[in-house]
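Engineer: Got a structure for you, written out below as structure tokens; questions coming shortly.
There are 2 protein chains.
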Amino acid sequence: MSAFDLTAYLNDRRQRVDDALATVLLPDDAEPPSVHRAMRYSVMAGGKRLRPILVIAGAEAVGGAAATVMEAACALELIHTYSLIHDDLPAMDDDDYRRGRLTNHKVFGEAVAILAGDALLTDAFRLIAENAARVAKNPALVRDVIVEVVEAASTRGMVGGQVVDIESEGKTVAAETLEYIHLHKTAALIRASLRVGAMLGGGRADQLAVIGEAGRSLGLAFQIVDDILDVEGTLAELGKSAGSDERKGKATYPAVHGIEASREEARRLIGLAKDELAAFGAGAVPLCALADYIFERRS
Amino acid sequence: MSAFDLTAYLNDRRQRVDDALATVLLPDDAEPPSVHRAMRYSVMAGGKRLRPILVIAGAEAVGGAAATVMEAACALELIHTYSLIHDDLPAMDDDDYRRGRLTNHKVFGEAVAILAGDALLTDAFRLIAENAARVAKNPALVRDVIVEVVEAASTRGMVGGQVVDIESEGKTVAAETLEYIHLHKTAALIRASLRVGAMLGGGRADQLAVIGEAGRSLGLAFQIVDDILDVEGTLAELGKSAGSDERKGKATYPAVHGIEASREEARRLIGLAKDELAAFGAGAVPLCALADYIFERRS
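This is the structure in structure tokens:
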């Protein structure tokens, strides 16, 4: 297991995701050009591609191939990108920079940014439907994959977390509220990425349950590490200024539990996820390495 | 045919749609409450329920029953409502009133309004997927219904129309640009409503083609009549002040072609749609009456 080359794995999967993303977006000169430029600007801004890579790794864990899930992998990245564009709006987090570049609305204006987000969310469901129909033998699987993504992105998931996040700004939040925000805003879509990959990869119900539990732990750990990096990271590492959570009065793990307890909790969750993933044997080697990476990353 | 009671038909179908909509939304006290109240506020604000009724009428035209398509009917209304919430935002049309009530962001704030729109769009795809999987014998139909809605709501449809609409404000627009805006912003979703109803109702490919053509004509006529009503209607009839298009410098048919030519074009399109719908015989009696209503309505 120590022989697994995570860097090579991430580079390869990220490249395949980037190539696929470039083809699923309409060209910049498609009518109307402004919104297509705005969509491509944010989607192709780089980033770790964590969610699409988790879709792929989820499929691989149950014996599926990356090629089986590429449209769904792209769809999860489109949904993530739409959420970033809308979160950055003046009415929400009011951020000027993202991944080291001006945010979407600073370049294209608020109206086009809102509509670009709407369009990315809309297009994501085409990709998921096309992928599921290509792989599925029955209509129920297509439905299940879409319902999985809807649950994770809706008020029961990501949007619900964002609402509570915004409504908690500048307030002292209880530990349970903080966990609600992180589980919904971040962990739900990370969990869904793994589950969708496993569903399309042919996973059984018991496998989906296990990978879902692991995804919840990984997703929560990911956001705790994000909170820690916002305190400890540098501008060069993060592509945005450190300390932005504190300036905005955001509910974070370090603010509620302190840095050391936050790091311990992230470590515990990563361990929990890896224990759960052990059920997949060799198929989960990439996922276990990804779990370590989520804890150790510097950006 | 003159014996068809359109008022009774509309009342019955509207009531069934309203009942179904009330059940597909989470209750106002679901966590987090603000966004669920915001979603319900706009969805249950009334309105003609034209798009869901067209889904039902599309199914009926090919011999399907209303009960076969109720989730999809609701989904089309959720998508329409999301588009109204986002269109009304300060960064877009900046409207304070809609259907005689304060707009969503005036009541719930911009952040929650944006997120309520996002959530309605997201939830719509669950309803469509569930409906299609319930009716479909193969995965391809589920995919086709979703792709149909995505096309109509994306930058190739509604969002594309909204982008050009906003970018044309205060400018003199060519007749072709005006037609682009109306076909994309309004007609695309109306056309998709009919086609989705016909697809789920068991329509054949040739029937889908015909009903799609009729939907395009009906949708364009609907928006032209909307433009005329904005000039001629009263506050009581419209639930918003008349003349708002002119104040905002909106591209409209009366502004480009004059009132009389606009009315003539709407009449021509309605005739065209009814000619196309004749192919469905008795099954299209409600749709033909709806076509007349779209022309004659006062709000």
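First to last, the protein sequences are chains Y and A.
Quick note: the first sequence uses this note's numbering, first residue 1, plus one each step.
Quick note: the second sequence uses this note's numbering, first residue 300, plus one each step.
Where is the CB? At the ideal position from N, CA and C, for every residue including glycine.
What is the DSSP secondary structure of Met1/Y, counted as helix, strand or coil?
Structural biologist: Your numbering for residue 1/Y matches position 1 in the first sequence. At Met1/Y, the pLDDT of 46 sits below 50, so the modelled position is not reliable; the number obtained from the coordinates is stated separately. In this structure, Met1/Y counts as coil in the three-state DSSP scheme.
Engineer: Using the beta-carbon count (16 or more within 10 Å), is Gln461/A buried or exposed?
Structural biologist: Looking up residue 461/A in the second sequence gives position 162. Per the 10 Å Cβ criterion, buried.
Engineer: Since I believe Ile384/A is in contact with Ser341/A (beta carbons under 8 Å), could you give me their beta-carbon distance rounded to a whole number of angstroms?
Structural biologist: Indexing the second sequence from 1 puts residue 341/A at position 42. Indexing the second sequence from 1 puts residue 384/A at position 85. Confirmed, about 5 Å.
Engineer: Taking one C-beta from the region 325-343 of chain A and one from the region 464-478 of chain A each time, how about it: are there three or more such pairs within less than 8 Å?
Structural biologist: Counting Cβ pairs under 8 Å, fewer than three are found: no touch.
Engineer: Could you give the distance in angstroms between the alpha-carbon of Asp591/A and the alpha-carbon of Glu359/A?
Structural biologist: For this step, residue 591/A is matched to residue 292 along the second sequence. For this step, residue 359/A is matched to residue 60 along the second sequence. Cα to Cα, Asp591/A sits roughly 18 Å from Glu359/A.
Engineer: Quick check: the region 172-181 of chain Y against the region 349-365 of chain A, are there 3 or more CB pairs under 8 Å?
Structural biologist: Because the criterion of three Cβ pairs below 8 Å is not met, the region 172-181 of chain Y and the region 349-365 of chain A do not touch.
Engineer: Would you kindly report the start and end of the unbroken alpha helix (DSSP H) that includes Asn310/A?
Structural biologist: The residue you call residue 310/A lines up with position 11 of the second sequence. Start and end: 305-323.
Engineer: Could you check the C-alpha separation between Ile569/A and Cys587/A for me, to the nearest Å?
Structural biologist: Numbered from its first residue, the second sequence carries residue 569/A at position 270. Numbered from its first residue, the second sequence carries residue 587/A at position 288. Straight-line Cα distance between these residues: approximately 9 Å.
Engineer: Counting only beta-carbon atoms, is Met498/A nearer than 7 Å to chain Y?
Structural biologist: By one-based count along the second sequence, residue 498/A stands at place 199. So, not an interface residue.
Engineer: Pull up the distance between the alpha-carbon of Tyr308/A and that of Glu536/A, whole angstroms please.
Structural biologist: Working through the second sequence from its first residue, we reach residue 308/A at position 9. Working through the second sequence from its first residue, we reach residue 536/A at position 237. Taking the straight line joining both Cα atoms gives about 21 Å.
Engineer: Say whether the region 191-211 of chain Y touches the region 88-108 of chain Y, bearing in mind that this needs 3 or more beta-carbon pairs closer than 8 Å, one atom from each stretch.
Structural biologist: Too few Cβ pairs lie closer than 8 Å, so no.
Engineer: Assess, as a yes-or-no matter, whether the region 397-409 of chain A is touched by the region 426-439 of chain A under the definition of 3 or more beta carbon pairs within less than 8 Å.
Structural biologist: Contact between the region 426-439 of chain A and the region 397-409 of chain A is absent, because fewer than three Cβ pairs lie under 8 Å.
Engineer: Pull up the DSSP beta-bridge partners for Arg101/Y, would you.
Structural biologist: The residue you call residue 101/Y lines up with position 101 of the first sequence. Looking at the DSSP assignment, Arg101/Y forms a beta bridge with Arg98/Y.
Engineer: So, are the CB atoms of Ser453/A and Arg350/A less than 7 Å apart?
Structural biologist: Translated into positions along the second sequence, residue 453/A becomes position 154. Translated into positions along the second sequence, residue 350/A becomes position 51. No, the Cβ-Cβ distance between Ser453/A and Arg350/A is not below 7 Å.
Engineer: Between which two residues does the alpha helix (DSSP H) containing Gly212/Y stretch?
Structural biologist: Counting from one through the first sequence, the residue named residue 212/Y turns up at place 212. That run of the alpha helix (DSSP H) goes 205-232.
Engineer: Using a cut-off of 9 Å between C-beta atoms, extract the partners of Gln223/Y located in chain A.
Structural biologist: The residue given as residue 223/Y occupies position 223 in the first sequence. Those within 9 Å of Gln223/Y in chain A number zero; the least Cβ separation is about 18 Å.
Engineer: Rounded to whole angstroms, what's the CA-CA distance from Arg562/A to Leu375/A? Just pull it up for me.
Structural biologist: Counting from 1 along the second sequence, the entry for residue 562/A is found at position 263. Counting from 1 along the second sequence, the entry for residue 375/A is found at position 76. If you take the alpha carbons of Arg562/A and Leu375/A, they lie about 27 Å apart.
Engineer: If you reduce the DSSP assignment to three classes, tell me which class Val62/Y lands in.
Structural biologist: Walking along the first sequence from the start, residue 62/Y turns up at place 62. Note: Val62/Y maps to coil in three-state DSSP.
Engineer: Skipping 5 residues on each side, what residues in its chain have a beta carbon closer than 6 Å to that of Asp544/A?
Structural biologist: Taking the second sequence and counting its residues from 1, the one referred to as residue 544/A is at position 245. Only Asp529, Thr551 meet the Cβ criterion.
Engineer: Please report the residue range of the alpha helix (DSSP H) in which Leu571/A lies.
Structural biologist: In the second sequence, residue 571/A corresponds to position 272, counting from 1. Where Leu571/A is concerned, the enclosing alpha helix (DSSP H) stretches over 558-576.
Engineer: Would you identify the three-state DSSP class for Leu89/Y, choosing helix, strand or coil?
Structural biologist: Here the question's residue 89/Y lines up with position 89 in the first sequence. In this structure, Leu89/Y counts as coil in the three-state DSSP scheme.
Engineer: Using a C-beta to C-beta distance shorter than 7 Å, which residues of chain Y count as neighbours of Asn403/A?
Structural biologist: Along the second sequence, one-based indexing puts residue 403/A at 104. None at all; the shortest Cβ gap to chain Y is about 12 Å.
Engineer: Closer than 7 Å, CB to CB, is Ile465/A near chain Y or not?
Structural biologist: Sequence index remark: in the second sequence, residue 465/A carries index 166 (1-based). Chain Y, which has a Cβ nearer than 7 Å to the Cβ of Ile465/A, makes this yes.
Engineer: Taking the beta carbon of Gln223/Y as the centre, do at least 16 other beta carbons fall within 10 Å, making it buried, or is it exposed?
Structural biologist: Numbered from 1 along the first sequence, position 223 holds the residue referred to as residue 223/Y. Classification for Gln223/Y: buried.
Engineer: On a Cα-Cα basis, can you pick out the residue from Thr7/Y, Glu31/Y, Thr68/Y, Lys48/Y that is closest to Ile190/Y?
Structural biologist: The residue you call residue 190/Y lines up with position 190 of the first sequence. Closest by alpha carbon: Lys48/Y.
Engineer: Within the region 98-172 of chain Y, note down every full alpha helix (DSSP H) run reaching 4 residues or more, in order along the chain.
Structural biologist: DSSP runs (the alpha helix (DSSP H)) wholly in the region 98-172 of chain Y: 104-108, 110-135, 139-153, 158-167.
Engineer: Using the C-alpha atoms, what's the distance from Ala3/Y back to Asp417/A?
Structural biologist: In the second sequence, the residue the question calls residue 417/A occupies position 118. In the first sequence, the residue the question calls residue 3/Y occupies position 3. Approximately 44 Å, taken between the alpha carbons.
Engineer: Go through its chain and collect everything with a Cβ distance to Gly345/A's Cβ below 8 Å, but skip five positions before and after it.
Structural biologist: As a first step, residue 345/A must be located in the second sequence, where it is residue number 46. Cβ neighbours of Gly345/A beyond the five flanking positions: Arg398.
Engineer: Quick one: what's got a C-beta closer than 7 Å to Met300/A's C-beta in the same chain, skipping five residues either side?
Structural biologist: In the second sequence, the residue the question calls residue 300/A occupies position 1. Low confidence applies to Met300/A: its pLDDT is 46, below 50, so where it sits in the model is not reliable, and the reading given next is rough at best. The answer, listed in chain order, is Val584.
Engineer: Please look up how many angstroms separate the CB atoms of Val142/Y and Val441/A, rounded, as I've assumed it's under 8 Å.
Structural biologist: Along the first sequence, read from residue 1 onward, the residue named residue 142/Y stands at position 142. Along the second sequence, read from residue 1 onward, the residue named residue 441/A stands at position 142. About 4 Å; that satisfies the 8 Å criterion.
Engineer: Thr533/A: which of Arg596/A, Ala572/A, Ser382/A sits nearest, CA to CA?
Structural biologist: The sequence position of residue 533/A within the second sequence is 234, counting from 1. For Thr533/A, the nearest C-alpha among the options comes from Arg596/A.
Engineer: Looking at chain A, is there any beta carbon in it that lies within less than 7 Å of the beta carbon of Val163/Y?
Structural biologist: Here residue 163/Y is taken as the residue at index 163 of the first sequence, counted from 1. Chain A contact via Cβ: present.
Engineer: Between Cys74/Y and Ala136/Y, is the Cβ-Cβ spacing less than 7 Å?
Structural biologist: The count along the first sequence starts at 1 and reaches residue 74/Y at position 74. The count along the first sequence starts at 1 and reaches residue 136/Y at position 136. No. Outside cutoff.
Engineer: Using a beta-carbon distance below 7 Å, is Glu130/Y in contact with chain A?
Structural biologist: Within the first sequence, the letter at position 130 stands for residue 130/Y. Taking Cβ atoms only, chain A reaches closer than 7 Å to Glu130/Y, which makes this a yes.
Engineer: Thinking Ala187/Y and Leu220/Y are a contact (beta carbons under 8 Å), I'd like their distance in whole angstroms, please.
Structural biologist: Here residue 187/Y is taken as the residue at index 187 of the first sequence, counted from 1. Here residue 220/Y is taken as the residue at index 220 of the first sequence, counted from 1. The Cβ separation is near 5 Å, so the contact holds.
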